[in-house]
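Report on one structure; see the data block that follows.
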Amino acid sequence: TLIDESNWNTDRFVNLSADKAGSSVYLSQKELAQRLTMEPSQSFDLSNHRQCKFGSATLQGYYPEEPNKVNQDRSLIKTVDCKHNAPSIWFSVFDGHGPYGHLCSEYVASNIVELFEKHECLGITTHKALQKAHQRAHKLLTSNHDIDTTQSGTTAATILLNKNTITGSNVGDSSCILGYRKLNNEMGTKLLCTEHTPFRADELERIQKAGGLVMTTEQRDGVELLHQNWTTDNPPRIWSTSKDKFPGCGFTRSIGDDVAHTLGVTALPETFKHTINSQDHVLIVATDGVTECKYNLLFHMASGLPPPAGILTMPIASFPVFPSLCCIQL
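Residue 21 in the working numbering sits at position 1 of the sequence shown, with consecutive numbering throughout.
Here it is as structure tokens:
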């Protein structure tokens, strides 16, 4: 499974980076292994005598023109002592972006749990504590003179697991995804949160009300007619009205990103709750470098099952992405 280091080997990544003929697109198995970082798997007792296993991994992306580009992703797995509940396990991924995105994701990963615990101890709900912790992290990061957040920041996706209850939050275009077994024993997938991009009408409206321009890069360059029939292959981005083309971000919520926040981007997370049932099998908290894969393939890998017939793998290593995830097998 994904969380078992003996089974999650680089052969699977070689397959993911192969074309239909099975030849490597860019990276060899050895090169992929050097880019893969994993945290040891651990266990946690749920209620009803059920136990989960969890771990995390990140695969450094590959930019042909900058092969040693630093991995800006960070993951976080930590025990949290909640004042009104039994100890919980905190799972987060942070997807840094911009020139100093690695510093932004590292800063938030190092401080977010402590900020949450401080607010949770005030007696407010878990949902409200998650919101306040992320907003406070944004204020602290943007006021930190050692990190330039003018056009750098991070997204954040979090799951807090307490017995059979999942409470989570999301800021940006990372995801929290549930894999479950259908009645026919096939794997199904469900997004526990939605990604914050201009594809969402309410997010688009907030950006435009704040004075941000929303269009594709080609529309911004004047080589494509203005329209809103955008696709994921050519997504809309947020721009200022300046002649200089910035910030050009594809997310509508983030931590950091001073310029983008003047254009309607916000650090306020959306929160969600889910009660684990007997059909639920695996949880994945992932950056968009992972969710660009096909969900069904991802969860078959997480469950140790062979991929369904007809599913072609995405050539991960041929794209400049940094896939990172926390995986919880229920």
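By construction, the Cβ of each residue, glycine as well, lies at the ideal position given by its N, Cα and C atoms.
Cα-Cα separation between residue i and residue j, rounded to whole angstroms
i: Asp253; j: Ala53; result: 29 Å
i: Lys73; j: Ile304; result: 12 Å
i: Leu233; j: Ser260; result: 6 Å
i: Pro256; j: Pro289; result: 21 Å
i: Gly242; j: Ile97; result: 45 Å
i: Ser95; j: Arg156; result: 19 Å
i: Thr170; j: His294; result: 36 Å
i: Ile296; j: His216; result: 25 Å
i: Gly199; j: Leu345; result: 14 Å
i: Thr214; j: Ala221; result: 12 Å
i: Thr145; j: Glu244; result: 47 Å
i: Ile186; j: Phe136; result: 16 Å
i: His139; j: Glu223; result: 27 Å
i: Glu122; j: Thr162; result: Contrary to the premise, residue 122 reads as His rather than Glu in this sequence. Each residue's Cα considered, the two are about 14 Å apart.
i: Lys152; j: Ser63; result: 29 Å
i: Thr251; j: Asp65; result: 42 Å
Selection from the options that minimises the alpha carbon distance to residue i
i: Asn131; options: Pro119, Ala221, Gly116 and His154; result: His154
i: Gly116; options: Glu85, Gln80 and Gln151; result: Gln80
i: Gln349; options: Ile167, Arg94, Phe111 and Leu150; result: Phe111
i: Glu225; options: Arg70, Gly284, Ser63 and Lys152; result: Gly284
i: Leu212; options: Glu137, Phe292, Leu56 and Arg55; result: Phe292
i: Val100; options: Val90, Arg94, Leu150 and Gly199; result: Leu150
i: Gln92; options: Cys346, Asn205 and Thr307; result: Thr307
i: Pro87; options: Thr57, Ser76 and Glu51; result: Glu51
i: Phe266; options: Ser274, Leu198, Val279 and Asp168; result: Val279
i: Cys269; options: Arg240, Glu244 and Leu246; result: Arg240
i: Lys210; options: Thr187, Val90 and Ser195; result: Ser195
i: Lys89; options: Leu66, Arg55 and Ile144; result: Arg55
i: Asp277; options: Thr145, Gln62, Glu140 and Asp168; result: Asp168
i: Ala77; options: Phe114, Pro107, Ile109 and Ser67; result: Phe114
i: Asn164; options: Leu203, His147, Asn182 and Val128; result: Val128
i: His69; options: Gln248, Pro60, Lys183 and Leu203; result: Lys183
i: Ile181; options: Pro60, Ser108, Ser61 and Tyr120; result: Before going on, a small fix: residue 181 reads as Leu here, not Ile. Cα-wise, what sits closest to Leu181 is Ser108.
Contact set for residue i: own chain, Cβ-Cβ below 6 Å, skip 5 residues either direction
i: Arg201; result: Gln299 and His301
i: Leu325; result: Because the pLDDT at Leu325 is just 45, under 50, the model does not fix this residue reliably, and the value given afterwards should be weighed accordingly. So no residue of the chain qualifies.
i: Phe33; result: For Phe33, the predicted structure reports a pLDDT of 43, less than 50, and the residue's modelled location is therefore unreliable. The matter cannot be settled from this model.
i: Thr57; result: Thr78
i: His158; result: Ile275 and Ala287
Cutoff 8 Å; reference residue i; Cβ partners in own chain excluding five residues on either side
i: Ile227; result: Pro218, Val234, Ile258, Thr272, Leu283, Gly284 and Val285
i: Ser67; result: Lys183 and Asn184
Neighbourhood of residue i by C-beta, 7 Å cutoff - its chain only, sequence neighbours within 5 removed
i: Ala230; result: Leu283 and Gly284
query: Three or more C-beta pairs closer than 8 Å, one from the region 187-198 and one from the region 163-175: is that the case here?
result: yes
Any beta strand (DSSP E) of 3 or more consecutive residues that is wholly inside the region 147-221: 173-182, 185-191, 195-201 and 207-211
4-residue-minimum alpha helix (DSSP H) runs that sit fully inside the region 220-293, ordered along the chain: 221-229, 237-241 and 278-281
field: beta strand (DSSP E) segments (min. 3 residues) lying fully within the region 74-117
entry: 93-100 and 108-117
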